[in-house]
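Participant: Residues in the sequence shown are numbered consecutively from 14, following this note's numbering.
I'd like to ask some things about the structure below.
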Amino acid sequence: MNRGARMLLQLFAPALIVAVSGPIAGTVLLQMGDTPAAAGFAPIAHGLRLGGAGAGLVMATYSLWRLWRWERGLEPQCPCGGLLSRPSTGRRGRSDRTRHCLGCRRPQPDRQPDH
């Protein structure tokens with residue numbers, strides 16, 4: 014798998030998982046709703062189906078927005094040219110924040126913008 018495909022997979026896989034698992038969980042709860050004991054789960058099941066699809070759509074839209082900004086040079090980039098992940102703190106709460114490249118997976122120091 015090349016770097017571009019890996020980057021796109023890491024950007025869009027969480028949105029796809031949420032968009033698919035929410036409706037599946039809602040359908041499973043609706044199927045269990047045929048029993049009298051589980052009939053109270055029907056509103057939750059409908060909410061899971063709609064909420065999962067909606068959350069997946071919002072996540073995919075955010076990933077598309079980041080990809081659009083990265084193509085125009087507005088997002089932080091790795092020296093290899095890949096898109097960097099969100100900043101994460103070090104182990105045990107250390108103050109050094111790093112970003113990982115979604116293409117080559119190398120850690121990069123988080124550069125704070127000068128104000």
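For every residue, glycine included, the Cβ atom is placed at its ideal position computed from N, Cα and C.
Please read all numbers here as calculations on a predicted model, not as lab measurements.
Taking only the alpha-carbon atoms, compute the straight-line gap between residue 21 and residue 34 and give it to the nearest angstrom.
Facilitator: For this step, residue 21 is matched to residue 8 along the sequence shown. For this step, residue 34 is matched to residue 21 along the sequence shown. In a straight line, the C-alpha of residue 21 is about 20 angstroms away from that of residue 34.
Participant: Inspect the beta-carbon positions of residue 65 and residue 95 and report whether they are closer than 8 angstroms.
Facilitator: Working through the sequence shown from its first residue, we reach residue 65 at position 52. Working through the sequence shown from its first residue, we reach residue 95 at position 82. Contact flag unset, no.
Participant: Kindly indicate which three-state DSSP category residue 96 falls into: helix, strand or coil?
Facilitator: For the purposes of this step, residue 96 is identified with residue 83 of the sequence shown, where counting begins at 1. The answer is strand: DSSP assigns residue 96 an E or B state.
Participant: Could you check whether the stretch 42-61 touches the stretch 69-78, counting it as contact only if at least three pairs of C-beta atoms, one from each stretch, sit closer than 8 angstroms?
Facilitator: In short, these stretches do not touch, since the Cβ pair count stays below three.
Participant: If you drop the 5 nearest sequence neighbours on each side, which residues of the same chain put their C-beta closer than 7 angstroms to that of residue 60?
Facilitator: Start at 1 with the first residue of the sequence shown, and residue 60 comes out as number 47. Closer than 7 angstroms at Cβ, skipping near neighbours: no residue.
Participant: Would you mind sorting residue 31 into buried or exposed? The rule is 16 or more other CB atoms within 10 Å of its CB.
Facilitator: Here residue 31 refers to the residue found at position 18 when the sequence shown is read from its first residue. The residue in question, residue 31, is buried, as its Cβ has 16 or more Cβ neighbours within 10 Å.
Participant: If you compare alpha carbons, which of 36, 77, 79 is closest to residue 58?
Facilitator: Locating residue 58 in the sequence shown gives position 45, where the first residue counts as 1. The shortest C-alpha separation from residue 58 is found at 36.
Participant: For residue 123, which residues in the same chain have their Cβ closer than 7 angstroms to its Cβ, ignoring the five residues on either side in sequence?
Facilitator: Position 110 of the sequence shown holds residue 123. Same-chain partners within the cutoff: 100, 110, 111, 112.
Participant: For the ligand ATP, is there any heavy atom lying closer than 7 angstroms to the beta carbon of residue 91?
Facilitator: Looking at this structure, you won't find the ligand ATP or any other ligand, since it has none at all.
Participant: In whole angstroms, what is the alpha-carbon distance linking residue 79 and residue 26?
Facilitator: Locating residue 79 in the sequence shown gives position 66, counting from the first residue. Locating residue 26 in the sequence shown gives position 13, counting from the first residue. Cα-Cα distance, rounded: 14 angstroms.
Participant: Just checking my contact of residue 97 with residue 114 at CB under 8 angstroms: how many whole Å lie between their CB atoms?
Facilitator: If you number the sequence shown from 1, residue 97 lands on position 84. If you number the sequence shown from 1, residue 114 lands on position 101. That pair is a contact at about 6 angstroms.
Participant: Near residue 88, which residues of its chain fall below 8 angstroms by C-beta distance, leaving aside the five closest residues on each side in sequence?
Facilitator: As a working mapping, residue 88 is identified with position 75 in the sequence shown. Result list for residue 88: 79, 82, 96, 97, in chain order.
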